[in-house]
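Quick notes on the structure that follows.
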Amino acid sequence: MGKKTPLYLSHLAANAKMVDFAGWDMPLHYGSQVQEHHYVRRDAGMFDVSHMTIVDVKGQDVIAYLHYLLANNIDKLIPGKAFYTCMLNNQGGVVDDLIVYKIADDFYRLVVNSATRDKDLNWLNEHAKKYTIMLEERTDLAILAIQGCKVKNKITAIFNPEDLRSILALKPFHFVTIDSFFIARTGYTGEDGFEIIVPAKAVSALWERLITAQIHPCGLGARDTLRLEAGLNLYGTDMDEKVTPLESNLGWTVAWEPKERHFIGRQALEKQQQQGVTCSLVGLILRESGVLRNHQKVKIEGGGEGEITSGSFSPTLNKGIALARVPITIGTECQVEIRGKQHTAQVIKPPFVRQGQINEMIID
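Going by the numbering used here, the letters in the sequence shown line up with residues 2 to 365, in that order.
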């Protein structure tokens, strides 16, 4: 028996296929993973992501602590704004990726991955020892992600006009607190939408209201194909403690200025920059029918090799797609080994699909 989110019984009532995910009983789909994928790209869908770990960080040293802990620089944030970043180890490897929300000058909220909960909490606490701060895991909260091109129209039935104006005015990676609802314009699908953090005791009622508003329940299966189409990394698959952000298409999450800010892993990243990064994360599109899978070998002209980190079938493109870590010398095509045979794939810079738009570099 795995851990259960507050919506477990709601998932069973909706005939979800439940699977184990990082020790949690989570919905894979509610009948059709492909249909749920299309709901988000073409309409509106919602995901229970209450398995994610929420940690509130408060105290007089919180700024110094987060300056040291994070690769990105929290000086970029004002109350009501968030960003995506990574925590790194001393070798520059990715301990985890996360979203950081600034609630007040001495109050930040971190949302980290569920699969890395124990490791992350140990990491946060270990590095908190020399700072006057308080860390609090918020197990009393739940998270719903509502995503899709028609979400903004559909939530008009959920919120009153005054609150709705505040929500619809949010820019990407900004948030607003309305009563006990923490509403952020963030997501993991490549479509517009919101992630709503609410008290666990209130999430079932919100779930039912969203269903009434014709926002469709979607499972982890669709969430994975959506994020892959959007070119968004999955921790433990596309990056981990053995690779750096510079090798993972995440160089943009590292704030190099000011030069005097020392963060964990900075020295290793600077050395890697000086020596030259030798590999990168690229997008692959299979030129013929078939499905790309994790760990398939990628061969490039001139004899170099790489490996697919995330591979699947794209419901939007109707093609096999993947993220792959390959030598930086890769060209516009490569060969992927599938069942002992070589298949041609196009190489692009991700994303494949985002905000309903297909990457113009993709060749039909």
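For each residue, glycine too, the CB sits at the ideal point set by N, CA and C.
The structure presented is a predicted model; accordingly, all values stated were derived computationally and were not measured.
Coarse secondary structure for residue i, derived from DSSP in three states
i	result
Pro328	strand
Gln356	coil
Val204	helix
Leu78	coil
Thr317	coil
Gly6	Before going further, note that residue 6 is Thr rather than Gly in the sequence given. Of the three classes helix, strand and coil, the one that applies to Thr6 here is coil, per DSSP.
Leu125	helix
Thr254	helix
Pro218	strand
Arg110	strand
Gln347	strand
Tyr102	strand
Glu271	helix
Ile168	helix
Gln297	coil
Pro28	strand
Val20	strand
Tyr40	helix
Ile198	strand
Glu163	helix
Thr279	coil
Glu209	helix
His68	helix
Val1	The question about residue 1 has no answer, for the chain in this structure spans 2 to 365.
Lys120	helix
Ala146	strand
Thr140	coil
Residue i vs residue j beta-carbon contact at 7 Å
i	j	result
Asn295	Ile309	yes
Leu282	Ser249	yes
Val204	Ala143	yes
Asp98	Cys87	yes
His30	Gly222	yes
Ile301	Cys335	yes
Phe195	Ile184	yes
Among the options, nearest to residue i - alpha-carbon criterion
i	options	result
Thr226	Gly252, Glu289, Ile322 and Phe264	Ile322
Gly32	Asp44, Leu89, Val20 and Asn16	Asn16
Gln275	Val112, Leu247, Cys219 and Lys298	Leu247
Asp164	Phe182, Lys172 and Cys150	Phe182
Gly332	Glu338, Gln358, Gly303 and Pro316	Gly303
Asp241	Arg355, Val95, Val278 and Gly232	Val95
Gln297	Gln343, Gly266, Trp253 and Trp257	Gln343
Ile156	Lys202, Trp208, Thr140 and His30	Trp208
Leu67	His52, Gln36, Trp124 and Lys18	Trp124
Length of the line joining the Cα atoms of residue i and residue j
i	j	result
Asp119	Ile55	12 Å
Leu318	Pro328	26 Å
Ile64	Pro162	36 Å
Lys82	Ala23	29 Å
Asn73	Ile134	19 Å
Glu271	Lys243	16 Å
Ala231	Gly277	27 Å
Ile147	Gly188	8 Å
Arg347	Ile364	For the record, residue 347 in the displayed sequence is Gln; it is not Arg. When rounded, the distance between both Cα atoms is 8 Å.
Asp107	Glu137	14 Å
Glu192	Gly357	7 Å
Pro352	Ile212	30 Å
Gly252	Ala45	31 Å
Met27	Lys260	43 Å
Ser11	Val152	21 Å
Phe176	Ala170	10 Å
Cβ neighbour criterion (16 or more within 10 Å) applied to residue i
i	result
Arg340	exposed
Leu13	exposed
Asn234	buried
Ile79	exposed
Lys172	exposed
Val58	buried
Lys320	buried
Leu293	buried
His263	exposed
Trp25	buried
Asp49	buried
Glu361	exposed
Val35	exposed
Lys131	exposed
Ser167	exposed
beta-carbon residue i near the ligand NAP non-hydrogen atom, thresh 6 Å
i	result
Met19	Among the ligands in the structure shown, none appear at all, so the ligand NAP cannot be discussed.
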